[in-house]
Every structure is written in C-alpha cells, then in structure tokens.
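Residue numbers (the numbering used here): 340 to 935. Every residue gets a Cβ at the ideal spot worked out from N, C-alpha and C, and that includes glycine.
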Amino acid sequence: MRLALIAAPAALACLLVCGTAHAARVDKVTVLGLDEAMTENVRSAVTLVAASGKEISARRLAYLFRAAEDETREALEPFGYYSPTITVDYDGDNGSPGAVTITVVPGDPVRVRREHVVIEGEGSRDRYLSQDLAKFKPEIGDVFDHQLYEASKIRISRRLSQRGYFDADFASRRVEVTRADNAADIDLVWNSGRRYDMGPIDFQQTPNTILRQSVLDKLVYWDTGSYYHQGKLDRLRDSLTSLDYFSSVMINPLPDQAVDGQVPIDVVLTPAKRSIYTAGLSYGTDSGAGVRLGLERRYVNDRGHKALAQLDYAQRRKTLTAQYRMPAFAWVDGWYTVSAQAADEQTDYMDSRRIELVASRSGNINRYLNVVASLHALRERWSYAADDDGDPLTEPAFRYATFTYPSLRAEYTDADDRVFPRNGRAGTLMLRGGVEGAGSDANFGQIRATASWYRGIGERGRIIARGELGHTFTEELVAMPPSLRFFAGGDRSIRGYAWREVGPRVEGSDGKLYALGAKNVATGGIEYEHYFTENWGAAAFVDSGSAFDSTPDWRTGVGAGVRWRSPVGPLRLDIAHGLDSPDSSFQIYLSVGADL
C-alpha cells in the first residue's frame, strides 16, 4: 500500500510508526475512479469509512490505514476486478482531523474462460432444468460477476427443489481465478437424485372444522402419484386463499417422510372470523347524506356457502342487496351466485325504482382473467323530472320496463399491486342482450369495454390513463330503462362535470336540463400523480368524452387534486372545471379505495 502524505508526513508517520495512544480522527473518506455500485460496495467494506468523524486511538487509526487497501481490493472482486491499482492518500495537519482519498484504477476484469455447468442423474433428462442451464450467467467471455453467478446457482438449486428433486446436492462447486490471465474457470455440477411424486394430502382445520372434507378435496386437481411440482401447491394455496374461509393457509410438503417416492402434503387451515359486519357514512352530491350497513357470512354451512346482505340508505338513493354464493369447482375455481337487489332513486332529474334478480357462474381462467356468465331479470319503473308538468296535484307519468337477458363479463388484471399499482393494466369487456317477446320489452344488444393503465415515473410519480367505450344495438331506445343506458360525467368518467351531466338532456318545466341516458358512450382521461412524502401527494388531470345517441358532443374537463395513501387505498380529493361551459361551477369529488 502506498500512502501519499500531502500535508503533514511527519504526523502520519508518527501514527503509523510510533503507534501513539493519542486520540485521532479522519473527517472524510472519498472514493474515486469507480462507478456508483462499486463505490458503494467499497465504502461499505472499508472500516475507515465507518470510523470517520469519530475520535479513535492513533494506534487504531494506523491499523485502519493499513487495512484500507485490502478491504478495497476485496470489495471489487464481486464485480470481477481482481487486479486493481489502489492508492490511499492522507491530507491533514499534525494533531488535527484530516481527509482520506482512495483512488482506484480497476484494471482489466476477470472473464469466464471455461465453464462446466451440468446436472447429473435423473434431472439431466428434465427439459425445464436444461432450459435453466442454458440461461446460466455469466457465460464464457463475460465478466465474472459474483452476483450473477450466485443468482444463477440459486435459481437452479431452487428449481430442482420445486420440481421434486429433494435429494439434489453439489457434486462439484468450484471457481478458479487466474489473476495473471484475468480468467475464471467455473466447475459446477449438481447430482439431482431421483424425482419424487405427489403423495397423500392431509387437510387440518384448527381449532375448528368448518368445511367438510369433500369440499376441500375438490380443490386438489392432481392425482396421487403424479410428478411433484411446487406450482401445484401454489395453485392450491391461491384457491384456498381466494375462498376467504381461512385467516391462515400453511402448506407443508414433507419429503423426509416420503414413502415409495411419494411426498405427503400437510395443509393446516385456520378458520377466519365467520361474520363480517360493516358500517359507515356516505355522502354524494346527487344522493345526499346516507349510511351503509352490511353483514357477510363467510361460511353458512360446511359446504362452504356464503351469504351477504347490504343496505345503502341515502336521502335520494337507496339500495338493498342480498346475495347467496356456492363454491364451484367443476370447471375452474369460481362461484355460483344468486342475488336480488332493490333500488329506489329520487334525484333532481329522475324518480326510479327497480328490482333485479341475477343468477351467475364465475370462474378464474388464470391468475389474470376472471369470467362471469349471468342471467338477469329486471323490472324497472321510472319517470324523468322533465316529464313533470309542474302541477302538484298531477301524478307523474311513470314508464315501466321488463327485461330478461343473459350477459358475459370478462375482467383482466395484471398489476404489481391492486391497491396502489405502480405498473399495471386492467380491463373489462361486457356483452349483454335481450329479445323482445322472450322476457324483454325490446330487442337490444350491448357492448361495453373499459381499460386502465398505470406506469411509475421515477420513485414518487405515476401516470394513470383510463378509457371507456360502449354501444347499444337497438331501435327502441325509448323502451330501455335508465339502468340499461349510458351516462357520462362525474368521478371516474369526465371530471369537471356533474354526475351524469354529459349526454342527451331535455328541458323540464322548471327550465333545468335533465339527463336521459344514451345509446353510446366514449370517455378517456390521463392523470399524473406525484407524492412528496411516503403518503401525501398531488395530481393533475384532463378528462374528455361524451354520452350520445348518434353524434358525440365532446366535453373536456381539467383539474387537480390531493392524494393520501390510506391503509384501504388512495383517498382522492379533486376539484375540476369543464372547459366547454365557462360559466359552470367547479366540481369537487371525494373518493377512497383500491385502484383495481
């Protein structure tokens, strides 16, 4: 090691040679000549860095100077640099704090010269393991990066375990580095041993048994004796978790208890709280103040049936929902659901009441896609405020509609976090239609698609884009009830306009314009959020779109808002203004909940 004594060679010589016990201090240590990752690794490895700014004995300081070069050299080896030139310079006056500069010239890196990476035994014929071997890094000619090497080694060892090679072990694990040639020779050999099979599975419900065994057995889609794979257990865990019966799901393969090559599986299930009660207050510009109450029974009986009752009671909008669900495993994991909903809506522009019965079958096609097929029976009565003649003695002219129709809905979600996605995309596609004379008052077909896209920008920002398209195929729109028409305006539609403000409207006897609903809808918006702290941020956005029958009348709104990352999802407070109505008032929106 070379010490360049710039300011006071006598002072440092005294520290290094005499080893005096007087207190000494180095205020700053600077590392030059390396990229950010290598610099950080050197600073974390050199003890002198940790000791800077502290009063230590001169003997200790002298030792740290001597150790700095070796520590720097070792910190560079994981990056493939085994022969760097290192200079440690000291700048300080006798008896006063000084600064140390570690200057490094990395030199030529060590590269892989030869590579022998193989799996012997039964695993040598496993094509998936062969694919992993083909992806091993670093390859011949690459810089010998320790991190890449260890990651590749761990990935193959983990894959051996995942595919049932529980006896796998290293037959050879050696890397020889020849510094003179800047070369590394890798010799890495696994002996896979035999591949085990799936053994009997034992479900344990503790402390209480809530489901009969036959319900749980339907979730096991493999046969005893089939090849072992961790993915089978992962799918079982996902299925058990999505059922929402259990607060804890623990799946333990027991290879040390294997019999005839079959690994028994223990599944320990802890039941969740049976009943969930919810209560809260609500407020909406159109609905007024209200209260929400709910009761859900996670399991009604030992067959795994569920029940739900929910009341949303506001000044001008009331909804009562009852739902009963039964697990369905014959095709894909999902539910058979029967629900009934009664709704009463009395806003400034509409008086509506409806009862709807729905029977559906849902299923998870894969981890991203869920599909729901359902049959609806709808009875609706409504009257627009525009039809009111202003005479308090005259009853409003109500319209009635009955529609029975099937629908198909597909929901796709691929995101890193459903509550607050930084990177993700999601979409829905809904198809429904009815035939006059077959339970419906008119022929109609309807398609509606929505999409959302999230992309993180830097550490604290993200862009959000949303869109919606809908079209109704019918020649009898006048017979369609409001619940089967399209509206636009409001939160998550076109901010800057009131709820359902955008679209075909008619003037009432009081001179106000009232929304009628439309055959088509097209909306879109883009938003940028930036968080100034871990939980608090701001947003700016622009939304545009229209609900229309034949020709769209586009409306655009712009605004800004405040964001707070609450435990249940982002809380959003937005204020927006419509650009197409300069005299209209600003709109304020408040919402909370998961993004997806």
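- Residue 666 carries a strand assignment under DSSP once its states are collapsed to helix, strand and coil.
- Going by C-alpha positions, residue 516 is about 4 Å away from residue 523.
- For the 9 Å CB-CB criterion, residue 772 and residue 788 do not form a contact.
- Residue state for residue 783 is assigned as strand, using DSSP reduced to three classes.
- Here residue 634 carries a strand assignment [DSSP, helix/strand/coil].
- Within its own chain, the residues whose Cβ lies closer than 8 Å to the Cβ of residue 893, once the five positions on either side in sequence are excluded, are 883, 884, 885, 919, listed in chain order.
- Every alpha helix (DSSP H) of 4 residues or more that sits fully in the segment 436-477 is shown, in chain order, as 466-473.
- Bounds of any alpha helix (DSSP H) do not take in residue 541; it lies within the beta strand (DSSP E) bounded by 536-544.
- Judged by DSSP in its simplified three-state form, residue 596 adopts helix.
- Taking a contact as a CB-CB distance under 8 Å, the pair residue 420 and residue 446 counts as one, their CB atoms being some 6 Å apart.
- Leaving aside the five residues that flank residue 743 on each side, the residues in its chain whose CB is nearer than 8 Å to its CB run, in chain order, 714, 715, 716, 717, 773, 777, 778, 779.
- Here the alpha carbon of residue 800 sits roughly 26 Å from the alpha carbon of residue 379.
- Contact between the segment 524-537 and the segment 492-507 is present: three or more C-beta pairs spanning the two stretches fall below 8 Å.
- Comparing alpha-carbon positions, the option among 692, 371, 852 lying closest to residue 719 turns out to be 692.
- At a Cβ-Cβ threshold of 9 Å, residue 598 and residue 538 count as neighbours.
- Residue pairing from DSSP places residue 604 in a beta bridge opposite 540, 592.
- As computed with DSSP, residue 762 is found in a beta bridge with 794.
- Rounded to whole angstroms, residue 897 and residue 694 show a C-alpha spacing of 37 Å.
- Assignment of beta strand (DSSP E) within the segment 852-918, counting only whole runs of 3 or more residues, yields 852-854, 859-870, 875-887, 894-905, 908-917 in chain order.
- Annotation: the continuous beta strand (DSSP E) that includes residue 800 extends over 800-812.
- In the structure shown, residue 640 falls within a coil segment according to DSSP collapsed to helix, strand and coil.
- Cβ-Cβ separation between residue 899 and residue 879: approximately 5 Å, consistent with a contact (criterion under 8 Å).
- Residue pairing by DSSP places residue 482 opposite 450 in a beta bridge.
- A direct Cα-Cα distance of roughly 31 Å separates residue 564 from residue 456.
- Restricting attention to beta strand (DSSP E) runs no shorter than 3 residues, the segment 373-443 encloses them at 424-430, ordered along the chain.
- Inclusion of residue 604 and residue 593 in the CB contact set at 9 Å is warranted, their separation being smaller than that value.
- Per the C-alpha coordinates, the member of 426, 460, 609, 822 positioned closest to residue 547 is 609.
- If you compare the alpha carbons of 815, 453, 820 with that of residue 738, the shortest gap goes to 820.
- Buried is the label assigned to residue 839, since at least 16 other Cβ atoms lie within 10 Å of its Cβ.
- When C-beta atoms of the segment 387-400 are compared with those of the segment 491-502, fewer than three pairs fall below 8 Å, so the two segments do not count as touching.
- By the Cβ neighbour-count rule, residue 411 is buried, with 16 or more other Cβ atoms within 10 Å of its own.
- DSSP, read as helix, strand or coil, puts residue 580 in helix.
- When secondary structure is reduced to three states using DSSP, residue 706 falls in the coil class, being assigned neither helix nor strand.
- In the structure shown, residue 554 falls within a helical segment according to DSSP collapsed to helix, strand and coil.
- Take residue 874, set aside five residues on each side of it, and the residues of its chain with a beta-carbon closer than 7 Å to its own are 903, 904, in chain order.
- The C-beta of residue 760 has 16 or more other C-beta atoms within 10 Å across all chains shown, which makes the residue buried.
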